[in-house]
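From first to last, the protein sequence lines stand for chains W and B.
If you're matching positions, the first sequence starts at 1 in full-length UniProt numbering and goes up one per residue.
If you're matching positions, the second sequence starts at 1 in full-length UniProt numbering and goes up one per residue.
Where a beta carbon is used, it is the ideal one built from N, C-alpha and C, also for glycine.
Encoded as structure tokens, the structure appears first; notes follow it.
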Amino acid sequence: MNAHATGAMPEITYNFAYLDEQTKRMIRRAILKAIAVPGYQVPFAAREMPMPYGWGTGGVQVTAAVLGPDDVLKVIDQGADDTTNAVAIRGFFEKTARVATTTSAREATVIQTRHRIPETPLTENQILVYQVPIPEPLRFLEPRETETRQLHALAEYGLMHVKLYEDIARHGHIATTYAYPVEVAGRYVMDPSPIPKFDNPKLDDCPALQLFGAGREKRIYAIPPFTRVRSLDFEDHPFRVQRFAQPCALCAATGVYLDEVILDDKGGRMFVCSDTDYCNERQEAGHRGEMAGEAGRASPSPQPSPLRGEGADGALNLSPTGKGRPEGPGEGTWGVPTTPSSAGDPGSARAAPSGMTK
Amino acid sequence: MSQILMAAGFADPVFDQQATFRAAMWALSRPGRVEPIRAGLAPPAPLNAEAAALVLALCDYETPLWLDPALAGAPAVADFLRFHTGAPIVAEAREARFALIAEPVDMLDFYDFAQGSPEFPDASATLILQVDAFTAGLVLEGPGINGRTAFGAAPLPADFIERMAANRAGFPLGVDLLLAGAGGVAGLPRSVTVKEG
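Structure, rendered in structure tokens:
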């Protein structure tokens with residue numbers, strides 16, 4: 001169909017975007033039903049992909065099904081364009097679909113994401129594809145699929161409120177900080193994938209189309225543009241997002257999600273934008289944080305730097321993209337710590353989180 | 001055996017299917033907005049080019065297809081669709097995943113098509129209605145719409161607003177509509193609220 005035959009030597013070619021056409025049609029039909037019933041998890045016949053479960057097989061299949069030759073693809077992993085998962089998936093589509101790729105959230109028409117929503121506001125011609133490890137928000141409360149299916153059918157979400165209530169009883173506040181459950185269009189309770197709850201407000205009334213793909217669990221769900229998405233809460237314990245005590249150390253941005261970077265074994269740390277594209281854009285516009293150094297020194301590096309947070313030239317030379325995040329980039333499971341407070345330095349006597357306040 | 005001339009399918013199946021799907025996806029994502037379809041098909045009458053493109057992009061051997069009496073009365077239509085998609089054409093409307101309706105004015109009740117079940121609301125029919133023009137006269141609200149939007153199409157059943165209200169009341173069960181014709185497709189998913197404009 002889309003094979004590019006070249007003379008005598010057999011060349012390995014793929015159908016456009018890797019998947020065969022029947023698979024794409026099956027996924028596309030699931031996407032259409034997911035859009036028609038916002039927040040409902042549509043079962044689909046997920047295929048084996050040339051990457052392990054947990055590395056975004058669901059997101060990749062959704063992206064492959066929607067992608068066209070004129071699309072511009074951006075892939076982020078925890079906000080970064082240059083981590084292993086993002087680089088690998090971008091390379092996968094460069095090779096199998098030959099589409100243009102970008103790191104700019106403004107230029108992209110399709111953005112595949114693992115566990116973040118870009119800080120740059122999305123537009124109504126964009127598609128945001130989430131990689132989802134566990135699509136069922138009730139799974140850790142009720143392990144049986146037959147039961148959770150009934151609970152969704154009956155809109156019986158008391159269990160989830162009990163869970164949030166137990167958080168309050170135990171910790172004095174709702175302690176769920178990522179994969180925070182939401183109610184979509186007043187009906188289905190949905191897992192927004194392990195994005196920090198900081199990103200939950202961006203789900204609501206978003207101009208872009210949001211598609212969620214879970215490969216191992218074989219589910220696709222969606223939030224159409226301009227759809228009401230409410231984070232579950234209580235009247236006396238309203239939903240609140242994390243706040244950071246200081247701005248980004250590199251671009252001085254406030255009101256964005258920050259990653260904590262451990263600088264040494266003496267308790268030194270810095271907080272930088274999790275969204276590398278946003279941070280680079282701000283630095284290019286002349287914004288400088290307190291650890292950005294003089295202009296021109298800590299120039300933004302869109303390419304992955306071989307130093308990648310090693311600080312070989314001194315800690316101040318940390319590229320905003322090499323954040324030294326403690327967790328591996330591909331461990332796409334629900335247990336990945338996504339808050340700065342959980343990324344404490346185990347070797348430091350002052351490991352208590354200091355950058356984040358409730 | 002006499003030679004039968006079969007109307008051509010997509011010139012470039014991969015990219016034409018993708019473009020047609022994207023039109024349908026945006027149509028259902030933004031109800032009421034007409035997304036252009038440029039497929040270049042010349043299917044046998046009374047099947048129109050836009051509806052034919054949707055079927056060729058979305059249907060295959062997994063999707064039972066139902067044709068309304070106007071389409072079922074033209075054997076060339078069934079031959080064309082069967083040849084290009086491999087979809088089984090069923091006589092019972094309730095068994096269909098996709099239904100093609102050339103004459104919406106006389107169409108069956110929405111309840112005659114698969115509604116899905118409370119556990120699997122996705123196991124419902126998608127109805128492709130052929131229309132001649134996109135007009136005005138209706139107001140849409142719901143997911144995918146920033147506030148409200150004006151919409152209209154012709155021809156539609158006389159009791160269209162009542163049908164859509166009943167369809168909405170059954171949410172999350174119900175059917176999803178793709179209105180195809182006049183160079184484009186518009187979507188009315190079951191989540192949409194249709195009122196008189």
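Taking the alpha carbon of residue i as the reference point, which residue from the options has its own alpha carbon closest?
i                     : options                                : result
Arg269 (chain W)      : W:Arg282, W:Val256, W:Glu290, W:Thr276 : W:Glu290
Thr193 (chain B)      : B:Pro143, B:Thr20, B:Pro121            : B:Pro143
Phe171 (chain B)      : W:Thr176, W:Leu154, W:Thr177           : W:Leu154
Arg148 (chain B)      : B:Glu35, B:Pro155, B:Gly137            : B:Gly137
Tyr178 (chain W)      : W:Val184, W:Tyr188, W:Pro194, W:Ile168 : W:Pro194
Ala245 (chain W)      : W:Ile223, W:Gly54, W:Val256            : W:Val256
Gly184 (chain B)      : B:Arg22, B:Gly9, B:Ala11, B:Phe10      : B:Arg22
Gln112 (chain W)      : W:Phe271, W:Val72, W:Gln22             : W:Val72
Thr102 (chain W)      : W:Val87, W:His115, W:Lys33             : W:Val87
residue 370 (chain W) : W:Leu128, W:Val99, W:Pro181            : Absent from the structure is residue 370 (chain W), since the part of chain W shown begins at 1 and ends at 358.
Pro225 (chain W)      : W:Val62, W:Ile89, W:Leu128             : W:Leu128
Leu67 (chain B)       : B:Ala57, B:Arg33, B:Ala39, B:Leu47     : B:Leu47
Pro13 (chain B)       : B:Ala57, B:Gly174, B:Val105            : B:Ala57
Excluding sequence positions up to five away, which residues of its chain have a Cβ less than 6 Å from the Cβ of residue i?
i                : result
Tyr61 (chain B)  : Gly86
Pro64 (chain B)  : Pro88, Val90, Glu95, Ala96, Arg97
Ala114 (chain B) : Arg94, Ser124, Ala125
Leu28 (chain B)  : Gly187, Pro189
Leu41 (chain B)  : Ala49, Ala52, Ala53
Glu141 (chain B) : Arg148, Thr193
Thr227 (chain W) : Pro38, Ala185
Gly152 (chain B) : Thr135, Ala136, Gly137, Leu138
Pro201 (chain W) : none
How long is the line joining the alpha carbons of residue i and residue j, rounded to whole angstroms?
i                : j                : result
Ala76 (chain B)  : Ala158 (chain B) : 29 Å
Leu203 (chain W) : Glu196 (chain B) : 30 Å
Ala123 (chain B) : Ile101 (chain B) : 19 Å
Leu127 (chain B) : Gly68 (chain W)  : 25 Å
Pro192 (chain W) : Glu136 (chain W) : 10 Å
Gly158 (chain W) : Leu141 (chain W) : 11 Å
Phe92 (chain W)  : Ala17 (chain W)  : 9 Å
Ala93 (chain B)  : Thr120 (chain W) : 46 Å
Ala285 (chain W) : Lys163 (chain W) : 44 Å
Asn146 (chain B) : Ile262 (chain W) : 43 Å
His84 (chain B)  : Thr20 (chain B)  : 15 Å
Ser191 (chain B) : Met107 (chain B) : 21 Å
Arg28 (chain W)  : Ala65 (chain W)  : 6 Å
Asn85 (chain W)  : Thr63 (chain W)  : 15 Å
Cys206 (chain W) : Asp79 (chain B)  : 43 Å
Lys24 (chain W)  : Ala165 (chain B) : 33 Å
Hey, does residue i have any beta-carbon neighbour from chain B nearer than 9 Å?
i                     : result
Ala65 (chain W)       : yes
Leu128 (chain W)      : no
Tyr14 (chain W)       : no
residue 394 (chain W) : What the structure shows of chain W is the stretch from 1 to 358, and residue 394 (chain W) is not part of that stretch, so it cannot be assessed.
Gln22 (chain W)       : yes
Ala214 (chain W)      : no
Val37 (chain W)       : yes
Thr123 (chain W)      : no
Gly267 (chain W)      : no
Ala86 (chain W)       : no
Lys218 (chain W)      : no
Take the Cβ of residue i as the centre, count every other Cβ of all protein chains shown within 10 Å, and call the residue buried at 16 or more, exposed below.
i                : result
Glu281 (chain W) : buried
Ala97 (chain W)  : buried
Phe234 (chain W) : exposed
Gly332 (chain W) : Note that Gly332 (chain W) scores 33 on pLDDT, short of 50, meaning its location in the model is unreliable; the coordinates nonetheless yield the value given after this. That one is buried.
Lys266 (chain W) : exposed
His171 (chain W) : exposed
Met190 (chain W) : buried
Lys95 (chain W)  : exposed
Met6 (chain B)   : exposed
Ile12 (chain W)  : exposed
Gln240 (chain W) : Sequence inspection shows Arg at residue 240 (chain W); the Gln mentioned does not correspond to that position. The residue in question, Arg240 (chain W), is exposed, as its Cβ has fewer than 16 Cβ neighbours within 10 Å.
Asp73 (chain B)  : In the sequence as presented, Asp is not what sits at residue 73 (chain B); that position holds Gly. Classification for Gly73 (chain B): exposed.
Asp20 (chain W)  : exposed
Pro31 (chain B)  : buried
I want to see whether chain A comes within less than 9 Å of residue i, judged by CB atoms only; does it?
i               : result
Gln18 (chain B) : Of the chains in the structure shown, none is chain A; the protein chains are W and B.
Give a yes or no on whether the minimum CB-CB distance between residue i and chain W is below 9 Å.
i                : result
Leu100 (chain B) : no
Leu28 (chain B)  : yes
Met164 (chain B) : no
Asp68 (chain B)  : no
Asp132 (chain B) : no
Val14 (chain B)  : yes
Cutting at 7 Å between CB atoms, please list the residues of its own chain near residue i, excluding the five before and the five after it.
i                : result
Asp132 (chain B) : Ala154, Pro155, Gly181, Ala182
Arg139 (chain W) : Thr148
Gly58 (chain W)  : Ala46, Gln131, Val132, Gly213, Ala214, Gly215
Who are the near neighbours of residue i in its chain, counting only those whose CB is closer than 8 Å to its CB and skipping five residues on each side?
i                : result
Glu145 (chain W) : Glu136
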